[in-house]
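Colleague: Take this structure, written in structure tokens, and hold onto it; I'll ask about it next.
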Amino acid sequence: MVNQCVVPIYGPWKNCFRLELTTFRKLSTLGLIGQLLEILIMYITIFGASYVGLVTGACFAEVGNQVLCVDVDANKIARLQQGQVPIYEPGLAELVIEGLTSGHLQFTTEVTTAVAHGEIQCIAVGTPAGEDGSADLSYVLQVAQTIGQQMTGYKLIIDKSTVPVGTAEKVRETIKVALQQRPVDYEFDVVSNPEFLKEGAAIEDFRKPDRIIVGADKPQPTEIMRELYTPFNRNHNKLIIMDIRSAELTKYAANAMLATKISFMNELANLADRVGADIEQVRIGIGSDPRIGFHFIYPGCGYGGSCFPKDVRALQTTARQTGLSPRLLEAVTAVNQSQPLQLIQKIQAHFHNQLSGHCFALWGLAFKPNTDDMREAPSRQIMEGLWQLGARVQVYDPEAMEEARRWYGERQDLQLCDSPIATLHNADALIVVTEWKIFRSPDFNLIKSLLKQPVIFDGRNLYDPQRLKQLGLIYYAIGRGERTI
Numbered sequence: 000m001v002n003q004c005v006v007p008i009y010g011p012w013k014n015c016f017r018l019e020l021t022t023f024r025k026l027s028t029l030g031l032i033g034q035l036l037e038i039l040i041m042y043i044t045i046f047g048a049s050y051v052g053l054v055t056g057a058c059f060a061e062v063g064n065q066v067l068c069v070d071v072d073a074n075k076i077a078r079l080q081q082g083q084v085p086i087y088e089p090g091l092a093e094l095v096i097e098g099l100t101s102g103h104l105q106f107t108t109e110v111t112t113a114v115a116h117g118e119i120q121c122i123a124v125g126t127p128a129g130e131d132g133s134a135d136l137s138y139v140l141q142v143a144q145t146i147g148q149q150m151t152g153y154k155l156i157i158d159k160s161t162v163p164v165g166t167a168e169k170v171r172e173t174i175k176v177a178l179q180q181r182p183v184d185y186e187f188d189v190v191s192n193p194e195f196l197k198e199g200a201a202i203e204d205f206r207k208p209d210r211i212i213v214g215a216d217k218p219q220p221t222e223i224m225r226e227l228y229t230p231f232n233r234n235h236n237k238l239i240i241m242d243i244r245s246a247e248l249t250k251y252a253a254n255a256m257l258a259t260k261i262s263f264m265n266e267l268a269n270l271a272d273r274v275g276a277d278i279e280q281v282r283i284g285i286g287s288d289p290r291i292g293f294h295f296i297y298p299g300c301g302y303g304g305s306c307f308p309k310d311v312r313a314l315q316t317t318a319r320q321t322g323l324s325p326r327l328l329e330a331v332t333a334v335n336q337s338q339p340l341q342l343i344q345k346i347q348a349h350f351h352n353q354l355s356g357h358c359f360a361l362w363g364l365a366f367k368p369n370t371d372d373m374r375e376a377p378s379r380q381i382m383e384g385l386w387q388l389g390a391r392v393q394v395y396d397p398e399a400m401e402e403a404r405r406w407y408g409e410r411q412d413l414q415l416c417d418s419p420i421a422t423l424h425n426a427d428a429l430i431v432v433t434e435w436k437i438f439r440s441p442d443f444n445l446i447k448s449l450l451k452q453p454v455i456f457d458g459r460n461l462y463d464p465q466r467l468k469q470l471g472l473i474y475y476a477i478g479r480g481e482r483t484i
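Be aware that the sequence shown starts at 0, since it is given in numbering that gives the first Met the number 0, and climbs by one per residue.
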């Protein structure tokens, strides 16, 4: 066991920082005690070893902290201890292995060990949507209760999960009640620190955040958070300190704003189809306005994943609970839910509402590139719609094939193929659903030769309509006007 000393920082948070004794002695010898605070090791416990928890833990470990991730899924923890990451995120597997090798990242199912490990306790468990659309806080509050039942000294609890306004107060009260039942009296603080990680770019987002939101109601936990994020806050100050309720709302507001831009563009694209305009030209025209910009104004077959759909619905529920009618948010959700149907309607129209017995090649299952996440992915709604109409699908995705097996198992109307080209054999048309790079510059002549009919339905507007017309392909996209041949 490595000898350590507790650095004498005063205040209830003093035990958040530890330093290896050999390093302390070396600094003393070199006269570098003044630089001590820059290399302090923080002991951090992460509750939840799924997407947010894994990325957070791996990135905190990368900069030298001692991180322990805890999860109730014993099989998942056993795999992680062997360096097997159960989700696909570029760079994450390598980072986890690096943390395991260095000893800065560990995994456990033992909650007693986890609570004892870190004075910083980070809650990063799931908040699935309830039947009414509200966020289910049962996992968050179970963790809070566990911390209250097991803690033996000061703890800083960080709400990292996406939670509705007022959750920090519920976490604080849950811990307080657990302490009273023991009965003991230990100091603790609760802060809100929402994540803003994009699936497919989460590691880079964590390393180089555009903002670090911290909701706190005391100066002491604020300073701990400032120290915690110092390695990620060196270029310029990205730390934004606010009250806890504002921090909780900021996360939902950000996702709802981005979802609104997507649904707005999709509604414009549907209008463009009807009036004979090209939404791609419209996109360039409005995106050139710096007040609008080009981010999140790409029309398509809808957004999906674990965040936007759930968070927009949860924000609607919060609004209704206050007596406010969330009309705009309801419209955002309604447009998104109907958007995959726009593609199905184009398919039905081309085949004269006779899809029974037809087979379709489908490229892309994940809700976006660089992930294997199929939660609320448009591909699912499209495939299920085609199945209801009697069609079969042959699919390929670079990362989400196992997820497809998990969702649907073995069925006669679904064939999982090992390449994009393999999906085309004996297919009546090609449907593009996810904008993976591998799909962006295909061999159109080969596609034309393999399909029974030279038809492409493009749910992401990847291709040039005029080029496909010249090649003799019938091309349907989102908002590009009528078919081009």
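Where a beta carbon is used, it is the ideal one built from N, C-alpha and C, also for glycine.
(1) Looking at the secondary structure, which residues open and close the alpha helix (DSSP H) in which Ile223 lies?
(2) Do Ile156 and Gln120 have their C-beta atoms closer together than 9 Å?
(3) Tell me Met241's beta-bridge partners as DSSP assigns them.
(4) Have a look at Val124 and Glu172 and give me their C-alpha separation to the nearest angstrom.
(5) Identify whether Ser191 lies in helix, strand or coil by the three-state DSSP scheme.
(6) Note down, in chain order, each residue of its chain lying with its Cβ closer than 7 Å to the Cβ of Asp216, except the 5 sequence neighbours on either side.
(7) Taking Val392 as part of the beta strand (DSSP E), name the residues at either end of that continuous run.
(8) Please go through the same chain and pick out, in chain order, the residues whose beta-carbon is closer than 6 Å to the beta-carbon of Ile430, but skip the five residues on each side of it.
(9) Helix, strand or coil for Met150 per DSSP?
(10) Pop quiz: Ile473 and Pro453 are said to be a contact at Cβ under 8 Å. What is the actual Cβ separation, rounded to whole angstroms?
(11) Is the number of C-beta pairs between the segment 283-295 and the segment 204-224 that are closer than 8 Å three or more?
(12) Just mark Gly284 as buried or exposed, buried being the case when its beta carbon has 16 or more other beta carbons within 10 Å.
(13) Could you pull out every residue in the same chain whose Cβ sits closer than 7 Å to the Cβ of Gly286, ignoring the five residues on either side in sequence?
(14) My output table needs one value for Tyr42: the three-state DSSP class, helix, strand or coil.
(15) Tell me, which residues are paired with Thr107 by DSSP?
(16) What is the DSSP secondary structure of Tyr474, reduced to helix, strand or coil?
(17) Taking the alpha carbon of Met485 as the reference point, which residue from Arg210, Phe307, Gly299 has its own alpha carbon closest?
(18) Taking the alpha helix (DSSP H) that Val454 falls in, what are its first and last residues?
(19) May I ask you to report which of helix, strand or coil DSSP gives Gln414?
(20) Between Phe23 and Glu109, what straight-line distance do the alpha-carbon atoms span, to the nearest angstrom?
(21) Leaving aside the five residues before and after Thr259 along the sequence, list all residues of the same chain whose C-beta is less than 6 Å from its C-beta, in chain order.
(22) Taking the continuous beta strand (DSSP E) assigned at Val431, which residues delimit it?
(23) What residue from Ser101, Thr166, Cys68 has the CA that sits closest to Ser133's CA?
(24) Hey, how far is the Cα of Ala426 from the Cα of Pro339?
(25) What do you reckon, are the CB atoms on Gln467 and Leu445 nearer than 9 Å?
(26) Have a look at Asp412, Trp406, Asp204, Ala421 and flag the residue whose alpha-carbon is nearest the alpha-carbon of Leu91.
(27) Here's the rule I'm using: 16 or more other beta-carbon atoms within 10 Å means buried, otherwise exposed. How should Ala57 be labelled?
(28) Could you say which of Asp463, Thr433, Ile420 lies nearest to Leu450 if we only look at CA atoms?
(29) Using 10 angstroms around the beta-carbon of Asn234, count the other beta-carbons present and answer buried if the total reaches 16, otherwise exposed.
(30) In terms of alpha-carbon separation, which member of Val311, Ala271, Leu470, Ala276 lies closest to Pro325?
(31) Pull up the DSSP beta-bridge partners for Ala333, would you.
(32) Comparing C-alpha positions only, which one of Gln65, Thr107, Tyr87, Pro127 sits nearest to Gly98?
(33) How many Å lie between Val392 and Leu354 at the Cα?
(34) Which residue marks the beginning of the beta strand (DSSP E) containing Trp435, and which one marks its end?
(35) Quickly, what does DSSP pair Leu361 with across the bridge? List them, please.
Modeller: Working from what's here:
(1) Along the sequence shown, one-based indexing puts residue 223 at 224. Residues 218-227.
(2) The sequence position of residue 156 within the sequence shown is 157, counting from 1. The sequence position of residue 120 within the sequence shown is 121, counting from 1. For Ile156 and Gln120, yes; Cβs fall inside 9 Å.
(3) Reading the sequence shown from its first residue, position 242 is the one you call residue 241. Gly214.
(4) Residue numbering aside, residue 124 sits at position 125 when the sequence shown is read from its first letter. Residue numbering aside, residue 172 sits at position 173 when the sequence shown is read from its first letter. Roughly 18 Å between the two C-alpha positions.
(5) Working through the sequence shown from its first residue, we reach residue 191 at position 192. Note: Ser191 maps to strand in three-state DSSP.
(6) Taking the first residue of the sequence shown as 1, we reach residue 216 at position 217. Taken in chain order, the residues that qualify are Asp242, Ile243.
(7) For the purposes of this step, residue 392 is taken as residue 393 along the sequence shown, with counting starting at 1. 391-395 is the span of the beta strand (DSSP E), which, as asked, contains Val392.
(8) Within the sequence shown, numbered from 1, the residue matching residue 430 stands at position 431. Only Phe359, Leu361, Phe456 meet the Cβ criterion.
(9) Translated into positions along the sequence shown, residue 150 becomes position 151. Met150 falls in the coil class under three-state DSSP.
(10) As a working note, residue 473 is residue 474 in the sequence shown. As a working note, residue 453 is residue 454 in the sequence shown. Going by Cβ atoms, the distance from Ile473 to Pro453 rounds to 6 Å, so yes, they are a contact pair.
(11) no
(12) Locating residue 284 in the sequence shown gives position 285, where the first residue counts as 1. Classification of Gly284: exposed, given that the 10 Å Cβ count is below 16.
(13) Numbered from 1 along the sequence shown, position 287 holds the residue referred to as residue 286. Around Gly286: Gly292, Phe293, Ile296.
(14) In the sequence shown, counting from the first residue as 1, residue 42 sits at position 43. Of the three classes helix, strand and coil, the one that applies to Tyr42 here is strand, per DSSP.
(15) Along the sequence shown, one-based indexing puts residue 107 at 108. In the DSSP output, where bridge partners are listed per residue, Thr107 has Val69.
(16) Translated into the one-based positions of the sequence shown, residue 474 becomes position 475. Correct three-state label for Tyr474: strand.
(17) Because the chain here runs from 0 to 484, residue 485 falls outside it and cannot be looked at.
(18) On the sequence shown, residue 454 is found 455 positions in, with the first residue counted as 1. Element bounds for Val454: not the alpha helix (DSSP H) but the beta strand (DSSP E), 454-457.
(19) As a first step, residue 414 must be located in the sequence shown, where it is residue number 415. Correct three-state label for Gln414: strand.
(20) Walking along the sequence shown from the start, residue 23 turns up at place 24. Walking along the sequence shown from the start, residue 109 turns up at place 110. In this prediction, Phe23 scores a pLDDT of 48, lower than 50, which makes its location untrustworthy; the coordinate-derived value is nonetheless stated afterwards. Roughly 31 Å separates the two Cα atoms.
(21) Numbered from 1 along the sequence shown, position 260 holds the residue referred to as residue 259. Val331.
(22) Here residue 431 corresponds to residue number 432 of the sequence shown, with the count starting at 1. Its beta strand (DSSP E) spans residues 428-431.
(23) Position 134 of the sequence shown, counting from 1, holds the residue named residue 133. If we check each option's Cα against that of Ser133, Thr166 comes out closest.
(24) Walking along the sequence shown from the start, residue 426 turns up at place 427. Walking along the sequence shown from the start, residue 339 turns up at place 340. If you take the alpha carbons of Ala426 and Pro339, they lie about 20 Å apart.
(25) As a position in the sequence shown, residue 467 is number 468, starting the count at 1. As a position in the sequence shown, residue 445 is number 446, starting the count at 1. Note on residue identity: the sequence assigns Leu, not Gln, to residue 467. Contact flag unset, no.
(26) By one-based count along the sequence shown, residue 91 stands at place 92. For Leu91, the nearest C-alpha among the options comes from Asp204.
(27) Here residue 57 refers to the residue found at position 58 when the sequence shown is read from its first residue. That one is buried.
(28) Indexing the sequence shown from 1 puts residue 450 at position 451. Closest by alpha carbon: Ile420.
(29) Looking up residue 234 in the sequence shown gives position 235. Looking at its Cβ environment, which holds fewer than 16 other Cβ atoms inside 10 Å, Asn234 is exposed.
(30) In the sequence shown, residue 325 corresponds to position 326, counting from 1. Among Val311, Ala271, Leu470, Ala276, the Cα nearest to that of Pro325 belongs to Val311.
(31) Residue numbering aside, residue 333 sits at position 334 when the sequence shown is read from its first letter. BP columns for Ala333 are empty, so no partner.
(32) Counting from one through the sequence shown, the residue named residue 98 turns up at place 99. That would be Gln65, whose Cα lies nearest to the Cα of Gly98.
(33) Start at 1 with the first residue of the sequence shown, and residue 392 comes out as number 393. Start at 1 with the first residue of the sequence shown, and residue 354 comes out as number 355. In a straight line, the C-alpha of Val392 is about 11 Å away from that of Leu354.
(34) For the purposes of this step, residue 435 is taken as the residue at position 436 of the sequence shown. Looking at the DSSP string, Trp435 is not in any beta strand (DSSP E), and its letter there is neither H nor E.
(35) For the purposes of this step, residue 361 is taken as the residue at position 362 of the sequence shown. Note: Leu361 sits in a beta bridge opposite Val394, Ile430.
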